[in-house]
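Before any comments, here is the structure.
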Amino acid sequence: MYSISSIKNYFSLTFKNKKLSCIMTSLTFFALLIIADELNLLSRLYFHYIAIFSLNIQIILLIITFSIIVILLVKHQVIKALSVTSIVLIDYYLFVLCLVLVEYSILLKFIGYQGCKIYIVIVLIILLALVILARIIAFYFTRMQSEEYKSTFYDICDIYRNNFIKADNTNVPILVEERDVHYDLLNRGHIIDSLFNAITYSKPDLSYVIGLEGEWGSGKTTIINIVKDGIKENNSEHYEYVIVDKFSPWLYENQEAFLLGMFDSILEASGINYSFLQSRKSIANISEFLSSNRTSSIIKTLFCSQHGLSNRINDIKAEINRYLENNNKVIVFFIDDLDRSEPENIVFLFKALSLILDFKRTIYVLSYDPEQISKIFECELKIDKRYIEKIINMIVKLDTPNTNNLKGIYSTCLRNILSAYENKPEKMENYDLLINCISSNINNMRNFKRLINSILYTPMVNETHLYKPDLLGLEYIKYCNRELYQKIYEHKIFFVSHDGIDDQEIYSAQLASEEFQEDASTFFADLNNKSENKLYINLLSDMFPNTSKDFSANSQFDRVQPERDTEEVAENVRICSARYFDLYFSYLTNDFIDIRNNVINYIYKINNDAIFPDINISDMNSDKQKLYFEYFHLFIEKISPQKRLSTAITFFKCMYYVDDSSGFFYFSARRRAILIISNLLNKLNLTEIEDFILKVSQAYSKIAIIYQILRNMERDNGTHLTRIQELYKNMCDTIVSKKIDLYLNENYHFHNIIGLLAHYEKSTKIIKDYMLNIISTRNIYRVLGDAISFNIGNNYNYYISKDTYNLLLNGIDIDRFIREHPPKTDSEKFVLSVYQSSNQEGNEVPCTSSTPINLSEEFLFNL
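Letter by letter, the sequence shown follows residues 1 to 863 of UniProt numbering.
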């Protein structure tokens with residue numbers, strides 16, 4: 001069923017202010033139809049001009065006529081108008097035509113006509129009714145779709161009272177309407193009462209001018225709206241207030257149009273009927289007189305005809321005065337934002353108020369910024385500003401709103417909007433500092449509304465993993481202080497406090513500690529010299545720990561991280577990190593963000609999937625793997641207790657798929673992964689640790705991994721240190737006692753034997769016997785490779801230390817094995833070159849002063 005209200009709306013919109021017109025039009029066409037019918041115009045036209053032709057010609061003429069009609073309908077878009085679902089002029093004429101046919105059918109019935117004509121008319125009425133019904137149906141569905149349209153603009157009062165509902169679509173913005181309002185949030189009832197009483201209690205015989213003074217954006221329009229509402233509600237039974245508030249002075253470019261606009265506004269609002277042409281002619285002369293001081297203009301005015309300018313002015317004023325007196329009306333003429341008008345129009349208005357527009361029972365309320373008016377008069381027009389005092393009879397000053405009240409309103413509105421965007425109450429405290437900064441620095445409600453519409457939407461709805469409070473804080477600085485924003489962008493070396501090693505520029509600058517500290521102090525001192533920058537000190541000190549709350553440089557600009565938790569910086573993707581700093585200015589992403597997200601997603605799968613997910617790092621290079629396990633280590637607390645054992649076992653199994661490339665001042669990906677396993681083991685209960693030991697107790701190919709886990713737990717005094725020590729000892733004893741060859745393919749990994757050597761470091765005979773039992777030409781280069789150590793400085797330095805030689809190679813005829821198995825692969829040749837470099841001049845053991853082999857890149861062993 002179609003909504004009855006929709007049908008009513010359709011008819012009301014179709015006949016809005018046109019009911020009498022529709023009836024009159026239908027009667028006119030009805031009369032013409034009767035005349036045409038009585039005179040048989042169509043029959044005469046046919047028999048005199050068409051019937052004389054043959055039937056074929058008549059058909060051709062009919063087709064041509066029909067085509068012309070269709071073309072005209074298309075040309076004038078009549079058919080297209082029928083498809084438009086809103087109310088258009090075609091609806092009006094459809095009803096007129098339907099009325100004419102109904103009237104005609106009634107006439108035919110009344111006169112007792114029995115021919116087929118009445119049936120033709122009825123068919124036409126039915127067809128028209130169907131067209132109208134189709135229009136009503138289309139209108140109904142359009143209204144339904146229109147009702148689904150939800151505005152994203154909200155009234156500031158509704159936002160303040162949290163009386164608004166954000167659309168379900170997360171990308172829909174929350175915008176504040178900047179229209180004039182009719183309520184007061186700033187507790188200015190005394191000012192409203194003052195202006196209201198000044199209007200309603202004053203009974204002027206002549207005109208009375210009230211000035212409402214206040215700064216731009218201070219709420220003058222709001223005060224006026226509330227006062228107007230009060231006047232409308234409190235009209236006296238003895239006299240009626242006529243409110244004139246449609247006059248916008250800044251729309252008029254010249255005095256004639258300005259004055260004519262004022263007159264038209266008064267006449268229209270009061271209902272006075274005065275000749276428009278006569279008023280326009282009179283006003284042209286009046287405006288010329290008021291806008292010119294030339295003698296010729298004055299002479300022209302003095303020598304007008306006896307019905308000249310003066311009489312015309314008096315006639316207009318007398319008619320308006322009589323009308324107001326006879327009808328007990330008082331005109332209240334509001335002129336808002338007068339200071340936005342052209343300077344010449346402002347002076348013109350003041351002249352007109354004193355000379356022309358001084359009607360009886362008329363109150364003018366002028367709203368303006370006194371500083372702007374004074375500037376216009378004294379600077380642009382060279383007129384003493386005291387001239388205003390001669391015109392304005394009373395001034396109502398709009399006090400500066402209480403700072404605490406404003407701050408409270410701004411804070412509440414911001415919190416409510418951010419809560420609607422964030423939809424996570426626990427995160428709202430992260431915005432406290434930003435909310436306080438914005439609320440403390442906004443000077444009026446209009447600027448506040450504009451700021452909300454300008455800066456909140458993009459940071460809050462953008463699908464970014466950046467930290468929203470930092471992002472929004474940066475947007476706020478960009479909006480209010482573009483110069484400071486640019487300095488932050490161009491001088492990131494002074495603002496970034498974390499992960500500087502990942503940015504070559506920052507890392508190089510911060511290495512030169514003393515010079516860097518001096519430059520930073522100078523930079524922040526320059527920022528501190530500008531008072532406008534101090535408004536953002538607290539905000540910046542939260543965004544950038546390197547910035548103290550007095551804009552002085554942090555005293556420790558080096559590679560030591562500030563107090564802010566590194567995990568918090570990584571988890572929230574804070575702007576103070578060199579990894580993410582640039583992203584806050586571009587809203588883009590990078591490998592750091594992508595890898596961080598991969599880790600978070602993987603941990604989510606660990607915690608929620610029924611089957612433990614495989615770790616997918618095969619397509620990552622060494623740098624990405626290093627980042628992956630670094631992020632995993634930071635987020636290790638997110639792993640649920642029930643999944644810690646499975647995670648540790650999975651990492652342990654895939655350990656040799658993890659890259660072990662080392663770097664200057666950072667862990668390799670494998671060392672980080674081993675550290676993760678150690679931390680997870682410390683969190684296991686006794687049953688779980690026994691389960692882990694059972695699963696890895698025969699993993700001899702990972703004895704070096706077990707050793708490194710043990711070292712980590714010894715350093716941290718781990719919970720299950722004793723059990724891991726027992727595991728390590730038992731595995732080493734088993735390898736030696738059962739002579740398990742760690743150089744067989746199933747057991748060999750580069751430097752895996754280090755785990756065994758560490759256990760028997762003080763029992764060299766055990767190692768010597770073990771090595772003599774397993775060494776052969778097949779594994780000689782693997783053994784030599786395990787003896788190689790390296791360090792990293794400007795280059796990668798490879799050598800065999802004396803201690804390692806004595807422990808691993810002592811007593812073995814290395815040269816014989818080499819002669820029997822000369823090097824073939826690049827790795828074997830490199831191992832031999834390191835051995836020979838360390839074994840200078842044929843010494844049996846490497847000299848302590850041996851020269852290492854230096855490479856610019858790390859050598860990847862494949863033995």
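C-beta atoms are modelled at their ideal positions from N, C-alpha and C, and glycine is treated no differently.
Presumed contact (8 Å Cβ cut-off) between residue i and residue j, rounded CB distance
i	j	result
V227	L195	5 Å
I223	I231	Between I231 and I223 the Cβ distance is about 13 Å, and since that is not below 8 Å, they are no contact.
Y323	S270	6 Å
Y536	N481	7 Å
N717	L675	Actually they are not in contact, since the Cβ atoms of N717 and L675 sit about 15 Å apart, beyond 8 Å.
A669	Y628	7 Å
V131	I156	The Cβ separation is near 47 Å, so there is no contact.
Q625	V658	6 Å
A787	T804	5 Å
E858	Y796	5 Å
L466	V573	5 Å
Residue i (DSSP reduced to helix, strand or coil)
i	result
K534	helix
H633	helix
I111	coil
F750	coil
N314	helix
L213	Correcting the residue type first, residue 213 is Glu in the shown sequence and not Leu. In this structure, E213 counts as strand in the three-state DSSP scheme.
M655	helix
S367	strand
Y2	Any reading at Y2 must be qualified, since the residue scores a pLDDT of 47, below 50, and its modelled position is unreliable; no value is offered.
M620	coil
T464	coil
T547	strand
H182	coil
I575	coil
V569	helix
H720	coil
K762	coil
V330	strand
S265	helix
Contacts around residue i, its chain only, beta-carbon distance under 8 Å, and the 5 residues preceding and following it disregarded
i	result
I442	L406, Y410, F448 and L451
N747	Y700, S701, I740 and D741
E240	N327, N328, K329 and V330
C437	G473, Y476, L535, Y536, N538 and L539
Own chain partners of residue i with C-beta closer than 6 Å, once the 5 adjacent residues on each side are dropped
i	result
residue 868	Only positions 1 to 863 of the chain appear in this structure, which leaves residue 868 out of reach.
L863	Y781, R782, G785 and S827
Q372	D339
W216	D369
L484	I477 and N533
L366	G211, I335 and L338
I165	none
Nearest candidate by alpha-carbon position, reference residue i, set the options
i	options	result
V461	D733, P173 and V736	P173
L97	L128, I68 and W216	L128
A520	N538, V496 and I812	V496
I812	K824, D769 and Q836	D769
D565	Y421, H498, D614 and L398	H498
Y421	E463, M620, M543 and L42	E463
Q642	A610, L710 and E342	A610
I595	Y584, F581, Y587 and D619	D619
K385	F29, L744, S374 and S354	S374
Where residue i falls, given that 16 or more other Cβ within 10 Å makes a residue buried
i	result
A31	exposed
M428	exposed
E426	exposed
N187	exposed
E688	buried
V70	exposed
A509	buried
L414	buried
F153	exposed
Cutoff 7 Å; reference residue i; Cβ partners in own chain excluding five residues on either side
i	result
S646	F612
E630	R672
F635	E571, V599, I600 and I603
7 Å Cβ cutoff, residue i in contact with chain C
i	result
K530	In the structure shown, chain C cannot be found, because there is only a single protein chain.
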